[in-house]
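Undergrad:
There are 2 protein chains.
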Amino acid sequence: MMGERASRAVLAYLKALYLLAEESSGSGVGAPPGLAQRVSTSAIAARMGVSAPSATNMLKRLAARDLVTYEPYKGGSLTQKGREVALEIVRHHRLLETYLVGALGVPWDEAHAEAEALEGDLSETLEERISAALGDPQFDPHGHPIPAKNGAMPKTSRSRRSLWDVGDGEAALIEQVPDSHPDALRYLAEVGVLPRASVTVESRGPIGGPLFVRIKDDKETAPMALSKEIAEAIWVQ
Amino acid sequence: MMGERASRAVLAYLKALYLLAEESSGSGVGAPPGLAQRVSTSAIAARMGVSAPSATNMLKRLAARDLVTYEPYKGGSLTQKGREVALEIVRHHRLLETYLVGALGVPWDEAHAEAEALEGDLSETLEERISAALGDPQFDPHGHPIPAKNGAMPKTSRSRRSLWDVGDGEAALIEQVPDSHPDALRYLAEVGVLPRASVTVESRGPIGGPLFVRIKDDKETAPMALSKEIAEAIWVQ
DNA sequence: TTTTAACCTTAGTCTTTTCTAAAACACTCT
DNA sequence: AGAGTGTTTTAGAAAAGACTAAGGTTAAAA
Numbered sequence: 001m002m003g004e005r006a007s008r009a010v011l012a013y014l015k016a017l018y019l020l021a022e023e024s025s026g027s028g029v030g031a032p033p034g035l036a037q038r039v040s041t042s043a044i045a046a047r048m049g050v051s052a053p054s055a056t057n058m059l060k061r062l063a064a065r066d067l068v069t070y071e072p073y074k075g076g077s078l079t080q081k082g083r084e085v086a087l088e089i090v091r092h093h094r095l096l097e098t099y100l101v102g103a104l105g106v107p108w109d110e111a112h113a114e115a116e117a118l119e120g121d122l123s124e125t126l127e128e129r130i131s132a133a134l135g136d137p138q139f140d141p142h143g144h145p146i147p148a149k150n151g152a153m154p155k156t157s158r159s160r161r162s163l164w165d166v167g168d169g170e171a172a173l174i175e176q177v178p179d180s181h182p183d184a185l186r187y188l189a190e191v192g193v194l195p196r197a198s199v200t201v202e203s204r205g206p207i208g209g210p211l212f213v214r215i216k217d218d219k220e221t222a223p224m225a226l227s228k229e230i231a232e233a234i235w236v237q
Numbered sequence: 238m239m240g241e242r243a244s245r246a247v248l249a250y251l252k253a254l255y256l257l258a259e260e261s262s263g264s265g266v267g268a269p270p271g272l273a274q275r276v277s278t279s280a281i282a283a284r285m286g287v288s289a290p291s292a293t294n295m296l297k298r299l300a301a302r303d304l305v306t307y308e309p310y311k312g313g314s315l316t317q318k319g320r321e322v323a324l325e326i327v328r329h330h331r332l333l334e335t336y337l338v339g340a341l342g343v344p345w346d347e348a349h350a351e352a353e354a355l356e357g358d359l360s361e362t363l364e365e366r367i368s369a370a371l372g373d374p375q376f377d378p379h380g381h382p383i384p385a386k387n388g389a390m391p392k393t394s395r396s397r398r399s400l401w402d403v404g405d406g407e408a409a410l411i412e413q414v415p416d417s418h419p420d421a422l423r424y425l426a427e428v429g430v431l432p433r434a435s436v437t438v439e440s441r442g443p444i445g446g447p448l449f450v451r452i453k454d455d456k457e458t459a460p461m462a463l464s465k466e467i468a469e470a471i472w473v474q
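In order, the protein sequences belong to chains A and B. Numbering of the first sequence is given in this note's numbering, commencing with residue 1 and proceeding in unit increments. Numbering of the second sequence is given in this note's numbering, commencing with residue 238 and proceeding in unit increments.
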C-alpha cells in the first residue's frame, strides 16, 4: 500500500510523534483542521529514551520519506501519510491491550508493555480477527479511543480536563487513565478509579498536595489520596 | 538469566539451526547424547533467505557468544546455551500457532506466518498465560511437539518415517505435517489428512508420481492424490 | 594424481540506528 | 543590545546485519 515498509524504530517514532501531539493538544472529535501538532526534538528524545541527536537524525530521515514535516529548530509533525502509519500502530496497541486484558486475563497495568512488544508485528488479518473477537471495541481498558481501520477516532469529550482541575466538592466522570505506569495503575484499580467511574473531589492538600477523591455513592469508606502527578494524568468529562 | 539479550536476527538463526538439525536427524525421545547435529552454512543461508557470507558471518558471531560451536568449512551446531534459547523460541512459535488456531480461528495454513512474526516478542509471562489458557498442550496443530519450559520434549514416535515410505496397501497414522506451506496445508485440511488421522496408501503413480491415499474407514469417496514432495514432508507412525 | 564442481570464507561496502563531543541557534533578562 | 542558558544541530564513530566480488577448501571424478 505504501513505499518501503517501515522498520520497528520508524514505527516507534511515528507513534511517539502521534501520542505526544495528541497529549499536548486536544485532538478530540475530528482531525485538527490544519497540520498536525508540532513536537519538539527533545520531547521525542525523552519519550523514546534516546539522545537528542538521535531524534534529530530520525526526524530528518522521516522527513525524507514524507512521513513527517520537519523544520530545523522547530520540531516535527506528522504528514497525512505519517499519521496513517501512526494510527495503524496505535490501533494495534490498543486492540492488543484490550484483548490481553479481556481474553487472557493480563492485569491492565502489564497490558501496556506486552502490547508494545507485539504491536509492530501484528498482521492486518490478525488485527481484524482480534477486533472482531472483541466486537470491534471503541475504547481500550484505560479509556483511550481505538482508531478504526479507516483512521476515524471514536469521539471523546472535547474538554480535556484533568482530575486535578476539578474543583473541591465537584463530581466528575473518569474518562481516561494513563496506560504506562504499572504501579499507579495497580493502585487505581484497587481503589476503583477506573474509566466510567464517577468520583467526587473532596479536598486537596496544601500546595501540590494530594487530592482526596471518593467514588460516588460510597459514603462509607475513606476517600483515597491521589498525587498531583497522577491526578493530572487522569482525564475526566 | 543470560548475558546480553539476543536480537531478533540472532533468535531467528538459532531457531533455524535447531529446526534444521531436528529435521536432518531424528531428535525423537531424549536429547541426542553427543553434541547437537552440525548444520552447513548453505543450509542456514537457504533457510534464512540470506546469502552464504551472511550466514558465515552470523555463525562466527554466534560462536563468539557461545551459542554455537563453529568450525570453518564444517558448519555449526548449537551449544547447550544456544539450544536453550532456540527451544524457547520454538516453544513460543508452537504455542502461538496453537493459540491462534484454537482461540482466534486463524486457519492453520496462516498460523505459521503469524506466529513467526510474534514469537520473538512474546514475554515469559504472556507465554505462560497462553499455555495455561490452552491447558498446557504438548503438540501444535501440525502435530509438532511443543517443548516444555524446562526444555523437555513430548515424545513422538522414534520412527521418523514419511508417508512416502509407506508401502502400497499399508495403513498409517499421520503424526506431523509441515507448517510452512499454506497451499499444501489448505489442501490437506480439505481432504482430511490431519495429524492423528489414519490413512491407507492405495497406490502411486510411475516414477515420483502422486501417491493415492484414502482416509481409513472411508470406502466411498475417491482417494486423494498427494505429490511426492508433500508425502515426503508428512511423517507417520 | 590432477581436475573440477560445489561449497565456504575473506574483503570491502552499505544502511540503519545509536552514541558523544562540540558548535550553532533561540530566547530571555537586564 | 548583549550575555547567558538551554535546546538543537553537526560531525564523527560504532555496532548489527546484509550484500557482491573474489579467492580458498573439500572431496568426488577422471
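Heads up, the beta-carbon is just placed ideally off N, CA and C, and yes, glycines get one too. This one's a predicted model, so the numbers in the text were calculated from it and none came from an experiment.
#1: Apply the 10 Å Cβ neighbour rule to B:K252 and answer buried if 16 or more other Cβ atoms are within range, or exposed otherwise.
#2: Might you give, ordered along the chain, the residues of its own chain that have their beta carbon closer than 7 Å to the beta carbon of B:Q274, omitting 5 neighbours on each side?
#3: Measure from the C-beta of B:T362 to each C-beta in chain A and report whether the shortest distance is under 9 Å.
#4: When the cut-off is 9 Å and only beta carbons count, does B:E326 lie next to chain A?
#5: I'd like the list of long-range same chain contacts for B:D377, defined as Cβ closer than 7 Å, with 5 residues on each side in sequence excluded.
#6: Could you give the distance in angstroms between the alpha-carbon of A:S27 and the alpha-carbon of A:K155?
#7: Would you mind telling me which residues of chain B sit closer than 8 Å to A:I243, beta carbon to beta carbon, in chain order?
#8: For A:T79, count the other beta carbons within 10 Å of its own beta carbon; 16 or more makes it buried, fewer makes it exposed. Which is it?
#9: Rounding to the nearest angstrom, what Cα-Cα distance links A:K149 and A:R91 in this structure?
#10: If you follow the alpha helix (DSSP H) that A:R204 is part of, which residue opens it and which one closes it?
#11: For B:A243, which residues of its own chain have a beta-carbon under 7 Å away from its beta-carbon, when the five flanking residues on both sides are left out?
#12: Classify B:I367 as helix, strand or coil using the three-state DSSP reduction.
#13: Looking at the secondary structure, which residues open and close the alpha helix (DSSP H) in which B:G319 lies?
#14: Do A:D66 and A:L185 come within 9 Å of each other at the CB atom, strictly closer than that value?
#15: Return the CA-CA distance between A:V68 and A:Y18, expressed in angstroms with no decimal places.
#16: Would the beta-carbon of B:V450 fall within 9 Å of that of B:S396?
#17: Just reading off the alpha helix (DSSP H) that A:T69 is part of, what are its end residues?
#18: Out of A:A46, A:P178, A:R196 and A:T41, which one is the CA nearest neighbour of A:K216?
#19: For A:L118, which of A:A231, A:A12 and A:R47 has the nearest alpha-carbon?
#20: Less than 7 Å between C-beta atoms, sequence neighbours within five positions excluded: which residues of the same chain meet that for B:S447?
#21: Please report the Cβ distance between A:L100 and A:E114, rounded to the nearest whole angstrom; I am assuming they are in contact, meaning their Cβ atoms lie under 8 Å.
#22: Please report the residue range of the alpha helix (DSSP H) in which B:R423 lies.
#23: Locate the alpha helix (DSSP H) running through A:L211, then write down its first and last residues.
#24: Closest to B:G380 by CA distance: which of B:H349, B:A408, B:K297 and B:E457 is it?
#25: Contact criterion: CB-CB distance below 9 Å. Does B:G372 meet it with respect to chain A?
#26: In angstroms, rounded to a whole number, what distance separates the CA positions of A:S40 and A:G75?
#27: Exposed or buried, what is A:I44 when buried is set at 16 or more other beta-carbons lying within 10 Å of its beta-carbon?
#28: In chain order, what residues of the same chain lie with their CB nearer than 8 Å to the CB of B:S435, ignoring the 5 residues before and after it?
#29: Taking 9 Å as the cut-off, decide whether the C-beta atoms of A:G151 and A:T200 are in contact.
TA: With the given structure in hand:
#1: By 1-based counting over the second sequence, the position of residue 252 of chain B is 15. Buried is the call here.
#2: Against the second sequence, residue 274 of chain B aligns to sequence position 37. Cβ within range, chain order: A258, S261, S262 and S314.
#3: In the second sequence, residue 362 of chain B corresponds to position 125, counting from 1. Chain A, which has a Cβ nearer than 9 Å to the Cβ of B:T362, makes this yes.
#4: Position 89 of the second sequence holds residue 326 of chain B. Rather than Glu, the amino acid found at residue 326 of chain B in this sequence is Ile. So, not an interface residue.
#5: Locating residue 377 of chain B in the second sequence gives position 140, counting from the first residue. Answer for B:D377: R331, E334, T335 and I383, listed in chain order.
#6: In the first sequence, counting from the first residue as 1, residue 27 of chain A sits at position 27. In the first sequence, counting from the first residue as 1, residue 155 of chain A sits at position 155. Any reading at A:S27 needs caution, since the residue's pLDDT is 41, under 50, leaving its predicted position unreliable; the model's value is listed next. C-alpha separation (whole angstroms): 10 Å.
#7: Since the first and last residues shown for chain A are 1 and 237, residue 243 of chain A lies out of range.
#8: Along the first sequence, one-based indexing puts residue 79 of chain A at 79. Label assigned to A:T79: buried.
#9: As a working note, residue 149 of chain A is residue 149 in the first sequence. As a working note, residue 91 of chain A is residue 91 in the first sequence. Roughly 8 Å between the two C-alpha positions.
#10: The residue you call residue 204 of chain A lines up with position 204 of the first sequence. Counting along the chain, A:R204 falls outside any alpha helix (DSSP H), though it belongs to the beta strand (DSSP E) covering S198 to R204.
#11: The residue given as residue 243 of chain B occupies position 6 in the second sequence. The answer, listed in chain order, is V322.
#12: Here residue 367 of chain B refers to the residue found at position 130 of the second sequence. DSSP places B:I367 in helix when its eight states are reduced to three.
#13: On the second sequence, residue 319 of chain B is found 82 positions in, with the first residue counted as 1. Here the alpha helix (DSSP H) through B:G319 covers Q317 to L341.
#14: Taking the first residue of the first sequence as position 1, residue 185 of chain A is located at position 185. Taking the first residue of the first sequence as position 1, residue 66 of chain A is located at position 66. No. Outside cutoff.
#15: For this step, residue 68 of chain A is matched to residue 68 along the first sequence. For this step, residue 18 of chain A is matched to residue 18 along the first sequence. Cα-Cα distance, rounded: 11 Å.
#16: As a working note, residue 450 of chain B is residue 213 in the second sequence. As a working note, residue 396 of chain B is residue 159 in the second sequence. No; because the gap between Cβ atoms is not below 9 Å, this pair is not in contact.
#17: Translated into the one-based positions of the first sequence, residue 69 of chain A becomes position 69. Unbroken run through A:T69 is the beta strand (DSSP E), V68 to E71; no alpha helix (DSSP H).
#18: Working through the first sequence from its first residue, we reach residue 216 of chain A at position 216. Answer by Cα proximity: A:R196.
#19: As a working note, residue 118 of chain A is residue 118 in the first sequence. Of A:A231, A:A12 and A:R47, the residue nearest in Cα terms is A:A12.
#20: Counting from 1 along the second sequence, the entry for residue 447 of chain B is found at position 210. Reading the sequence as shown, one finds Pro at residue 447 of chain B and not Ser. Answer for B:P447: R441, A462, L463 and S464, listed in chain order.
#21: Residue 100 of chain A sits at position 100 when you count from the first residue of the first sequence. Residue 114 of chain A sits at position 114 when you count from the first residue of the first sequence. Indeed they touch by this definition, with Cβ atoms about 6 Å apart.
#22: Here residue 423 of chain B refers to the residue found at position 186 when the second sequence is read from its first residue. Start and end: P419 to V428.
#23: Here residue 211 of chain A refers to the residue found at position 211 when the first sequence is read from its first residue. Careful: A:L211 lies outside any alpha helix (DSSP H), inside the beta strand (DSSP E) at L211 to I215.
#24: Working through the second sequence from its first residue, we reach residue 380 of chain B at position 143. Considering only alpha carbons, the answer is B:H349.
#25: Translated into positions along the second sequence, residue 372 of chain B becomes position 135. Output row for B:G372: interface = no.
#26: Taking the first sequence and counting its residues from 1, the one referred to as residue 40 of chain A is at position 40. Taking the first sequence and counting its residues from 1, the one referred to as residue 75 of chain A is at position 75. Each residue's Cα considered, the two are about 4 Å apart.
#27: In the first sequence, the residue the question calls residue 44 of chain A occupies position 44. Answer is buried; the Cβ neighbour count reaches 16.
#28: Here the question's residue 435 of chain B lines up with position 198 in the second sequence. Only A408, A409, L410, I411, I452, K453 and D454 meet the Cβ criterion.
#29: On the first sequence, residue 151 of chain A is found 151 positions in, with the first residue counted as 1. On the first sequence, residue 200 of chain A is found 200 positions in, with the first residue counted as 1. Going by C-beta atoms, A:G151 is not nearer than 9 Å to A:T200.
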